[in-house]
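Chains as they are written, first to last, in the numbering used here: chain A, 6 to 115; chain B, 98 to 206.
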Amino acid sequence: KAGVTQTPRYLIKTRGQQVTLSCSPISGHRSVSWYQQTPGQGLQFLFEYFSETQRNKGNFPGRFSGRQFSNSRSEMNVSTLELGDSALYLCASSFGSEAFFGQGTRLTVV
Amino acid sequence: KQEVTQIPAALSVPEGENLVLNCSFTDSAIYNLQWFRQDPGKGLTSLLLIQSSQREQTSGRLNASLDKSSGRSTLYIAASQPGDSATYLCAVNGNQFYFGTGTSLTVIP
């Protein structure tokens, strides 16, 4: 069974640009969550989608948005990038209680 | 707001030692608690999931316990190996996962 797949693995963007990250969950999993990991703040919850609906949202500005498609694949978008958005972005899929994470997308904003 | 604390922040042990990692949380209204391992620059690998109604879970050399009433969980690693070197994270699941800051473990050959 394939795991959670995140693309791309690495990204370098310039301040002010926007970026879209993709997450393909484990087959059959309908819940997808996104997290930001930085050395200073650790892992912080961005949002969760279930059956194409945002079910929960963390405390991030509106520049961070996401969506989920009918095949459960999810994308997150960050607009007007800031230097502080540089982080490892992790996606998790779950069926029931247990969460399974992808390898992450390393975003560097210069 | 749920706060999760992991102690110690870093731990260095010789190969073969048994060790205990600690996780505490402030709100006992959780669905479950999950322990993860993270290698540098990589994603999280699930180690053990404990439902709120359970007291412990075991997988190989790993044993995790949960005391919801006191807001504590421990991860016990038996006979540590150099390959166990990684950062270990606990996450409590209410309506979202709240993560601790992790324990960085180094097992010295």
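Glycine included, C-beta positions come from ideal geometry on N, C-alpha and C.
Predicted model only: the values in this text are computed from it and were never measured.
How about residue i: is its C-beta nearer than 8 Å to some C-beta of chain A?
i                        : result
glycine 168 (chain B)    : no
asparagine 190 (chain B) : yes
glutamine 99 (chain B)   : no
threonine 198 (chain B)  : yes
glutamine 193 (chain B)  : yes
Since residue i and residue j should fall inside the 8 Å C-beta cutoff, what is the C-beta to C-beta distance between them, to a whole number of angstroms?
i                       : j                       : result
alanine 107 (chain B)   : threonine 171 (chain B) : That belief does not hold up - the Cβ atoms of alanine 107 (chain B) and threonine 171 (chain B) are roughly 17 Å apart, past 8 Å.
glutamate 103 (chain A) : serine 162 (chain B)    : Going by Cβ atoms, the distance from glutamate 103 (chain A) to serine 162 (chain B) rounds to 18 Å, so no, they are not a contact pair.
glutamine 42 (chain A)  : leucine 48 (chain A)    : 5 Å
Report the option in the options whose CA atom is closest to the CA atom of residue i.
i                          : options                                   : result
threonine 10 (chain A)     : A:Gln49, A:Arg60, A:Ser77 and A:Cys28     : A:Cys28
lysine 139 (chain B)       : A:Thr113, A:Gln108, A:Leu86 and A:Glu87   : A:Gln108
phenylalanine 55 (chain A) : A:Leu112, A:Phe100, A:Ala7 and A:Leu86    : A:Phe100
tyrosine 15 (chain A)      : A:Leu88, A:Val24 and A:Ala7               : A:Val24
isoleucine 174 (chain B)   : B:Gly180, B:Leu159 and B:Leu186           : B:Leu159
glutamine 154 (chain B)    : B:Asn129, B:Ala176 and B:Tyr185           : B:Asn129
proline 206 (chain B)      : B:Gln103, B:Ser125, B:Glu114 and B:Ile127 : B:Glu114
glutamine 135 (chain B)    : B:Val189, B:Tyr185, B:Gly197 and B:Phe194 : B:Tyr185
glycine 33 (chain A)       : A:Pro66, A:Pro44 and A:Phe105             : A:Phe105
Roughly how many whole angstroms lie between the Cα atoms of residue i and residue j?
i                          : j                       : result
glutamate 53 (chain A)     : methionine 81 (chain A) : 11 Å
lysine 259 (chain B)       : arginine 152 (chain B)  : As shown, chain B starts at 98 and ends at 206. That puts residue 259 (chain B) outside it, with no answer to give.
threonine 61 (chain A)     : tryptophan 39 (chain A) : For the sequence presented, residue 61 (chain A) should be read as asparagine rather than threonine. Looking at the two C-alpha atoms, the distance is approximately 11 Å.
glutamine 46 (chain A)     : alanine 183 (chain B)   : 19 Å
leucine 26 (chain A)       : serine 150 (chain B)    : 36 Å
serine 109 (chain B)       : glycine 21 (chain A)    : 42 Å
asparagine 192 (chain B)   : glutamine 99 (chain B)  : 11 Å
phenylalanine 3 (chain A)  : asparagine 76 (chain A) : Outside the modelled stretch of chain A, which goes from 6 to 115, sits residue 3 (chain A), for which no answer is possible.
serine 84 (chain A)        : valine 114 (chain A)    : 12 Å
proline 75 (chain B)       : leucine 118 (chain B)   : Examination of residue 75 (chain B) is not possible in this model, given that chain B is present from 98 through 206 alone.
proline 105 (chain B)      : glutamine 148 (chain B) : 24 Å
serine 98 (chain A)        : serine 79 (chain A)     : 10 Å
leucine 88 (chain A)       : alanine 176 (chain B)   : 43 Å
phenylalanine 74 (chain A) : leucine 95 (chain A)    : 18 Å
serine 125 (chain B)       : glycine 197 (chain B)   : 15 Å
For chain B, is any of its Cβ atoms less than 8 Å away from the one on residue i?
i                          : result
phenylalanine 55 (chain A) : no
phenylalanine 69 (chain A) : no
leucine 112 (chain A)      : no
phenylalanine 50 (chain A) : yes
| query | When you check each C-beta in the region 136-169 of chain B against every C-beta of chain A, which residues fall closer than 8 Å? | reply | Gly138, Lys139, Gly140, Leu141, Thr142, Ser143, Leu146 and Gln148
| message | Can you pull out the residues from the region 93-106 of chain A whose beta carbon lies closer than 8 Å to at least one beta carbon of chain B? | response | Leu93, Leu95, Ala97, Ser102, Glu103, Ala104, Phe105 and Phe106
| said: Residues of the region 105-137 of chain B in Cβ contact with chain A at a cutoff of 8 Å, in chain order, please. | reply: Tyr128, Asn129, Gln131 and Phe133
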